[in-house]
Amino acid sequence: MRDDLHKSVPPRTAWAKVLRLACERADANELTEATVRAVRQDAQWLATSWGQRFETALNLGRDDLFAQERVRAELKGLMSTSPTPQARSACEIALGVIARQGGVTADFRVSVLSETLHVFAGDCVEQVSSLIAVRFGDRQAFEVRRLLHGLLSGCDLLRDPPKRTRALPDSVESLLDLPLGLSLS
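Going by numbering that gives the first Met the number 0, the residue at position 71 of the sequence shown is 70; the numbering climbs one at a time, nothing skipped.
Written as structure tokens, this is what we have:
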């Protein structure tokens, strides 16, 4: 795989970092964390007020007899006010999960959010692959697509990635106290 594939996506994006780490054959854990960060960054609508209403709709009464109808009505209302196409797609995925599971189950929220984030991640991988195909050809795009789809199958996208730690630079005093070896030969 080429080592300059990250230059085919807009710089300073999370997906550029994922590609750079993939090309460097970085540690799998670091690559997974970068991928989860990239997916979560692309799903920022979950943190908006609309996203909060969406999560509230997913948590609506699993205990009563009419929970399924209430959740469907709430999701259809949210679908009409969705801020992005991805948010609308999340409502459609939730309605699909209701149909597939035969109603609102105990793990409904988790399964909807997991499936939604995996669909978004797949869309992002395809977008990145198409940008690479335009610039570097189909063979490179195929390699990236295969690597990233394989990586996504093992990612837990619901878990927040750990906070990045940044090493603090040494203070001037600590640098002045460093012993310097002097050789006069």
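Cβ coordinates follow ideal geometry from the N, Cα and C atoms, glycine included.
With DSSP collapsed to three states, give me the class of residue i.
| i | result |
| --- | --- |
| VAL70 | helix |
| CYS123 | helix |
| ARG165 | coil |
| PRO84 | helix |
| GLY101 | coil |
| ALA33 | helix |
| THR12 | coil |
| LEU156 | coil |
| SER182 | coil |
| PHE135 | helix |
| ALA140 | helix |
| SER170 | coil |
| LEU130 | helix |
| LEU59 | coil |
| ARG19 | helix |
Within the same chain, show all residues whose beta-carbon is closer than 7 Å to that of residue i, passing over the 5 residues directly before and after it, in chain order.
| i | result |
| --- | --- |
| LEU150 | LEU30, THR31 and THR34 |
| LEU94 | ARG71 and LEU74 |
| LYS16 | ALA33 |
| LEU20 | GLU29, LEU30 and ALA33 |
Measure from the alpha carbon of residue i to the alpha carbon of each residue in the options, then state which is nearest.
| i | options | result |
| --- | --- | --- |
| TRP49 | VAL171, THR80, LEU20 and GLU68 | THR80 |
| ARG39 | MET78, LEU157 and PRO168 | LEU157 |
| GLN126 | ARG108, ASP41 and ALA21 | ASP41 |
| THR115 | TRP14, LEU183, GLU91 and LEU179 | GLU91 |
| ASP155 | LEU59, LEU20, ALA120 and PRO168 | ALA120 |
| SER113 | PRO178, LEU174, VAL124 and GLY153 | GLY153 |
What distance in whole Å lies between the Cβ atoms of residue j and residue i, which are believed to be in contact at a cut-off of 8 Å?
| i | j | result |
| --- | --- | --- |
| LEU77 | VAL111 | Not quite, the Cβ-Cβ distance comes to about 12 Å (not below 8 Å), so this is no contact. |
| ARG52 | LEU59 | With a Cβ gap of about 11 Å, ARG52 and LEU59 do not count as contacting. |
| VAL143 | SER129 | Incorrect: roughly 10 Å between the Cβ atoms, too far for contact. |
| THR47 | PRO84 | Wrong, their Cβ atoms sit about 14 Å apart, outside the cutoff. |
Enumerate in chain order the residues of its own chain whose CB-to-CB distance from residue i is below 6 Å, with the five nearest sequence positions on each side excluded.
| i | result |
| --- | --- |
| LEU96 | Note that residue 96 is Val in the sequence shown here, rather than Leu. Correct list, in chain order: SER110 and VAL111. |
| ALA13 | ARG36, ALA37 and GLN40 |
| VAL118 | none |
| GLN67 | GLY102 and VAL103 |
Does the CB of residue i have a neighbour CB from chain B at under 8 Å?
| i | result |
| --- | --- |
| GLY153 | Absent from the structure: chain B. Only one protein chain is present. |
Here's a check: name, in chain order, each residue in its chain whose Cβ is nearer than 8 Å to the Cβ of residue i, leaving out the five neighbours to either side.
| i | result |
| --- | --- |
| GLN100 | PHE107 and SER110 |
| PRO161 | GLU32 |
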